[in-house]
Structures are given as C-alpha cells and as structure tokens.
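Chains A and B, in that order, give the protein sequences.
Our numbering puts the first residue of the first sequence at 8, with every later residue one more than the last.
Our numbering puts the first residue of the second sequence at 8, with every later residue one more than the last.
Glycine included, each C-beta is placed from N, C-alpha and C at the ideal position.
Remember, it's a predicted structure, so these values are computed and weren't measured experimentally.
Protein chains: 2
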Amino acid sequence: MEPTVTTMDTLFAAYRRRTDALKASPNPLASGVAVIDGAFVPLAEARIPLLDQGFQHSDLTYDVPAVWDGRFFRLDDHLDRLERSCATMRLRIPLARPKLRDTVVEMVARSGIRDAYVSLIVTRGLKFVREVRPEHAVNHLYLYAMPFIWVMPPDMQITGGSAVVTRTVRRVPPGAIDPTVKNLQWGDFTRGVIEAGDRGATYPILPDGDGNITEGSGYNIFVVKDGVLRTPRRGVLEGVTRRTVLEIAAAKGWTTAVEEVPVGAVYDCDELFFTTTAGGVMPITELDGVPVGGGQVGPVAREIWEAYWHAHYDPNLSFAIDYP
Amino acid sequence: MEPTVTTMDTLFAAYRRRTDALKASPNPLASGVAVIDGAFVPLAEARIPLLDQGFQHSDLTYDVPAVWDGRFFRLDDHLDRLERSCATMRLRIPLARPKLRDTVVEMVARSGIRDAYVSLIVTRGLKFVREVRPEHAVNHLYLYAMPFIWVMPPDMQITGGSAVVTRTVRRVPPGAIDPTVKNLQWGDFTRGVIEAGDRGATYPILPDGDGNITEGSGYNIFVVKDGVLRTPRRGVLEGVTRRTVLEIAAAKGWTTAVEEVPVGAVYDCDELFFTTTAGGVMPITELDGVPVGGGQVGPVAREIWEAYWHAHYDPNLSFAIDYP
C-alpha cells in the first residue's frame, strides 16, 4: 500500500505507466467526465448555459481536489474550503455534503482515471445577484474530472522552472476580491502569464503593489533561506498543498513562517518553489533569467517534494477509490 | 423619424407598447437569440463548452451595444472598443469586422426585438493561456440579443434610485485588472451589490481605496455640483453612454470634467446619476439613506436623460435595422 517513493524518476515512471494504461482504455469517460444536471457525460461534450452567471459575471467559487494513484487526497479538506467559500459568497451547494462527496467519488470511479484533476464549481445560477437576493437564488453545480493536470510538467520538475516577478501587473488586493475564496477571476494572472512568456519565462510571481509578493497563477510561493521556509500570509489562497508542505516541514522540525514576504526575499534566497494541487511541489531554478541559489533543485525542495507525494498514500490524508 | 421625446412618461409608454407587441410574437427567437458556432438559436437553449476559458478563467472581453426602437445605437463605437479590448488582451475576433457587424445586425433582425440588449463576447477558447501562446490560440465568439435590460427599471428612473458608497469592498485597481478592457470579473461588484442590498439600497459606488470613487456594477458615475458635471477618470470603463453624456453636456455649453473625484464629492453634490447602455441615464436620489440634493430627480439629470434618448434617433449615431 505504501510504495517507496524516493525519487522523482521513480514516481513519474510509475505515473507514466498508469497514464499509458488509461490511454488504452475503451471507457468513453477515460479522457474526462463531467456531471451536468446530474448526468455523467464525456467532458469534451459538457456544456453550460450561456446565461449562467458563472460565465456572465464569473460569479462562482470552486475547488480542486486531486486523485493520485487511485486515491483521493485530502478530499474533505477541499470540501470544507468549498463550503467556507460558498458561505462567504452566500452560495449554497445544491447537493448535501454526503451526496456531493459520493457523487464526486463515483464520477472518478466511473471514468477509471487513477490520476485525476477534479473540479467542483458552484455558480450563482441564471439570475444576476441584483435581480434576486442571494438567499433566493438557485445556484448551479458543475463537477468534472480529467487526467491529472501539471501546472509544471514532470520533466520540468526534475530540472526546475523559470519565473519572473511581474512588473506590468500586481495581484488583485483582498479588499477588492478575496483570494481566500477560490475564484476564477484570473485577469491579473492572465496578464502575468503573458508577461512571463514575453520575458522568456513560464511562471509569474505577482507583487501586491505594496512591496510584498503574493502568489502566482494557481500556486502559492515558498522562499527558503538559511533553512527557514517562508510563504506569504496575505493576498493569497490558503492552499491545501501549502498546508501540506507546512505540515511536512513542521514534522521535520524545520522552521516555517506564514507572513509578509518582501519582493526582495525572492532575489535573495537559497531555494524557491511553488505549490499547487495540480502539480504538487514545483521547484523554480531561474528567476528573471538568473539562477536561483545554485541553479539546481535544492535539498529542501527535493525533500519536501518526496514527502509530499509519499503523503498521498497516508490513510489519514487519502483513501482508495473503489473502481468498478 | 424623430419622435418628440420630451418626458420619461412618453418614452416609457411607447416602449411598453413595443414590448407588449414583442410578447405577442410567435417568433421563437423573440425572447432572446444567440449565435453559437455560427447558428442562430433561442437564447434559453444556448450553451457553451464547460472547458471554455471564458468560463474556466473568465479569460474574455466583451461589449454591449443596444437597440432602441428598432435602431442600433453607436454600434461602431462599441465594435471599435471591442477591437481595442481584444488587442490589449491579445485576442482576435474570429470574424472580420464587416461580417461581425452584419451577423450582429442579422441576429437582432431575425429576433424581431426592437429594444434589445446585445452582447458580443470573445473568449480565449479551449486552451489556457499558459498552454499556448496567445497568438496561436483559437478564440471563441458568442453573440446574443435579448429584450432590453434595465439596470434601473423605468419606474425607478422616474423617482430615482438608492445607492451606497461601499465600505466593505473597493474597486479592483487598474494595475491588477484594466477596467478600460471590458471584463466580466465582477467579484468586487458582486460584493458591492450584496452590501448595497444589505444596507437597504440598490446600487453600489465603489471607492478606489485611495480616497476617490470609481464606478459601480456596470455603470459610470456623474456628480453634479454648481452646474459642473464630473465623472471619474481612472479605474473605470470608458463608457459609451458616459461619452454620449459628455457630448450632450458639451453641446449644451455645460462644464464637464473627467478627473479624480474624491469620495466626499458624492456627499456634497446637487445631483448624482449613473450611466450605462443597459439603462441609459439613471438618477440617484438617495445615498447612504439620505436624500441627494432635494431628493428628487434634478434638472440636469432630467435634461441629460431627455437628450440621451433623443440621440437614439440621430442618424449620425444610430441606424434603422431592416427587420424581415
């Protein structure tokens, strides 16, 4: 039940074998599945109303748990956060929690996907928030699962990715849109991704406009200096992967700090890595075209990386899906 | 060709007669029409892919021209702005300008709707902006028209609406998401609308966090004091209705100013009104529960209102649709 996960190569090789098996599957849901109006449909055919307020005003919240090697990882932590996000936005999940949980697990089981990116989206529904008080709106739920998405591809994780601190765009401040309520209003991130590409890099780090870093397009940021791991406190999603990393570091007896992280800190660190469910622990070895630390994946990132994937087999954090 | 538009009552009465006629229409597109993948479909049946990045990351821009009494108003100004927005976001409208224009007009003509809210949405398409450089993305276009939407209903325009300056939320700053590129990332506006409702009002005015007002959920703001009309310069959409109002005021020889407008100015003014294509000129007669000026629709707002609707019959600004 707990395979030895000691190197990136070992883990990714096993993953590729599972992916090859999935590609050979005759299951029409194997390339992706969605639940629309209670029906399980192939993801590529899934459609939503043009007038859904989730599209019309991005009036929605969502969450993304993942499945790794046939096991759901921290599903209840993601469902807890989704419930908190909905409460803040005065949205109600159309399904009761046990039914929601069962449906999500059944969706993945039906697809046969053993390494899955899973998304749960709750939208305002068909009426604009000024037309109907939020407590009277009929909210919509969309669920889908697809083969695992890598914000940083496995090959790049071995050597590390390239990032920039954006200079043309800042992160939306919490006083405008609350980043702890997971949202898809990625205007600032989209600008950041385009700027990063223009500057020959892949990943943006967005400053907050007040001298601190925040997060990037779908990931939290960790800065390692003299053995201390720091990650921004404010203006960011309280990521489940971030939390897992903080727990791993604490278990190792390392010092962590969730606090304001000045922009200067990313230019004066030993290691830099990003965290997200859709990719795990993603080492950054080049910043603004200059090597970070020694320009190699550092020892802290590597140790965290291994422990992170190992945790996916911990029965306290994950459970096996009963595939048909 | 140019009816005498002298009072709100006259204009709204004629509008209601047209609306009654529309409701009696057997045309299946009369309650709304969309163009999806080149096909004209009833709006209520129009659907978009769940995986469209316009939904997945609100990665889109759009524009909203309107049709009044069978005439398209300032259509080319809206198409010009849509092209500018697309250029900034590195999106390309999938149809060439003449074909786009023809399709939009044909869509409205087919529906028979003589007073229409029209929307043109350009999304990134099916691939996330990190997966494919923007110049290689296949963008999507969605068009729809529906019976005129009133951000402020006609009845309320006669007495004036109620607003608040939000204290729980500020406008997203331009350095994060550019408000001159029309977008549907309404997280701050949604918070504002909910706060306004909680405080017994209808319309939020969002401050910029630096002591100035910006705009509200889909409208620009005008403050009138001692005969001078002021509207915020920064942090706002450069609205077509705002522009029309500025042109009307200039033609009347009134003084206008597009500049920073301090929050205090809305609490110390003679008149306050909002402008938007989906509603026109919307007088605000109550702010934070207190009457604005005399608590009645003021003379400046009324005169602008009349000239605004009159302009819809100006052949320099509008053209008649050739309905079948």
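Distance between residue j and residue i (C-alpha atoms, nearest Å)
| i | j | result |
| --- | --- | --- |
| ILE255(A) | ASN323(A) | 14 Å |
| THR11(A) | ALA20(A) | Per-residue confidence for THR11(A) stands at a pLDDT of 48, beneath the threshold of 50, marking its modelled position as unreliable; the derived number appears in the next sentence. Roughly 13 Å separates the two Cα atoms. |
| MET8(B) | PHE80(B) | The predicted model places MET8(B) with a pLDDT of 39, which falls under 50 and marks its position as unreliable, so this point remains unresolved. |
| HIS317(B) | LEU253(B) | 15 Å |
| LYS106(A) | ILE201(A) | 40 Å |
| MET15(A) | PRO290(A) | 12 Å |
| ARG237(A) | GLU266(A) | 7 Å |
| GLY204(B) | THR95(A) | 15 Å |
| ALA208(B) | LEU294(B) | 8 Å |
| ASP25(A) | GLU90(B) | One detail in the question is off: residue 25(A) reads as Arg in this sequence, not Asp. So the two alpha carbons sit approximately 45 Å from each other. |
| ALA41(B) | GLY300(B) | 43 Å |
| LEU36(B) | VAL112(B) | 14 Å |
| ASP321(B) | TYR149(A) | 46 Å |
| GLY216(A) | THR175(A) | 11 Å |
| VAL48(A) | ALA257(A) | 42 Å |
| ILE165(B) | VAL304(B) | 7 Å |
| ALA314(B) | ASP83(A) | 58 Å |
| ARG117(A) | LEU86(A) | 20 Å |
| LEU244(B) | ILE184(B) | 11 Å |
| MET163(B) | ARG249(B) | 20 Å |
| ALA170(A) | ALA327(A) | 35 Å |
| GLY275(A) | GLU310(A) | One point to set straight first is that residue 275(A) is Asp, not Gly, in the sequence displayed. When rounded, the distance between both Cα atoms is 21 Å. |
| PRO186(A) | VAL307(A) | 27 Å |
| ILE100(A) | HIS143(A) | 13 Å |
| PRO161(B) | PRO161(A) | 58 Å |
| VAL297(A) | TRP312(A) | 23 Å |
| TYR22(B) | VAL145(A) | 31 Å |
| ARG206(B) | ARG108(B) | 42 Å |
| THR251(A) | LYS259(A) | 12 Å |
| GLY302(A) | GLU138(B) | 25 Å |
Those residues which DSSP pairs with residue i across a bridge
| i | result |
| --- | --- |
| LYS232(A) | VAL235(A) |
| SER325(A) | PHE80(A) |
| ASN227(A) | THR282(A) |
| TRP75(A) | ARG78(A) |
| ASN219(A) | PRO269(A) |
| PHE47(A) | VAL42(A) |
| HIS85(B) | Answer is none; HIS85(B) lacks a bridge partner. |
| MET159(A) | BP columns for MET159(A) are empty, so no partner. |
| TYR320(B) | Note: TYR320(B) sits in no beta bridge, so no partner. |
| PRO214(A) | ILE220(A) |
| MET153(A) | TYR124(A) |
| PRO290(A) | PHE280(A) |
| LEU148(B) | VAL129(B) |
| ASP70(B) | LEU127(B) |
| PRO56(A) | ARG54(B) |
CB contact flag (residue i, residue j, <7 Å)
| i | j | result |
| --- | --- | --- |
| THR221(A) | GLY199(A) | no |
| VAL231(B) | ASP277(B) | yes |
| VAL129(A) | CYS93(A) | yes |
| PHE155(A) | ILE228(A) | no |
| GLY286(B) | VAL125(B) | no |
| GLY225(A) | PRO211(A) | no |
| TRP335(A) | ASP122(A) | Outside the shown range of chain A (8 to 331) lies residue 335(A), about which nothing can therefore be said. |
| THR284(A) | ALA73(A) | yes |
| LEU50(B) | MET153(B) | yes |
| VAL188(B) | THR68(B) | yes |
| VAL268(B) | PRO239(B) | yes |
| PRO181(A) | GLY242(A) | yes |
| GLY119(A) | ASN219(A) | no |
| ALA53(A) | ILE43(A) | yes |
| GLY132(A) | THR292(A) | no |
| ILE55(B) | LEU127(A) | no |
| SER325(B) | ARG88(B) | no |
Cβ-Cβ separation, residue j to residue i (assumed contact under 8 Å), whole Å
| i | j | result |
| --- | --- | --- |
| ARG178(B) | PRO141(B) | Not quite, the Cβ-Cβ distance comes to about 26 Å (not below 8 Å), so this is no contact. |
| GLY61(A) | PHE62(B) | 6 Å |
| SER65(A) | LEU191(B) | 6 Å |
| THR110(B) | LEU102(B) | 6 Å |
| GLY234(A) | TYR151(A) | That belief does not hold up - the Cβ atoms of GLY234(A) and TYR151(A) are roughly 41 Å apart, past 8 Å. |
| VAL273(B) | LEU279(B) | 6 Å |
is_contact[residue i, chain C] using C-beta, thresh 7 Å
| i | result |
| --- | --- |
| SER118(B) | You won't find chain C in this structure, because its protein chains are A and B. |
Cβ-heavy atom distance, residue i to the ligand COA, below 6 Å
| i | result |
| --- | --- |
| TYR210(B) | Here there are no bound small molecules, and the ligand COA is not part of this structure. |
Residues in the stretch 172-195 of chain B having any Cβ partner in chain A nearer than 9 Å: Listed by position, the residues of the stretch 172-195 of chain B near chain A (Cβ gap below 9 Å) are THR175, VAL176, ARG177, ARG178, VAL179, PRO180, GLY182, ALA183, ILE184, ASP185, VAL188, ASN190, LEU191, GLN192, TRP193, GLY194 and ASP195.
Near-chain B residues of the stretch 31-55 of chain A (beta-carbon distance less than 9 Å), N- to C-terminal order: Of all residues in the stretch 31-55 of chain A, GLY39, ALA41, ILE43, LEU50, ALA51, GLU52, ALA53, ARG54 and ILE55 have a Cβ within less than 9 Å of some Cβ in chain B.
Under 8 Å (Cβ pairs) to chain B, residues found in the stretch 200-211 of chain A: Flagged, chain order: VAL200, ILE201, GLY204 and THR209.
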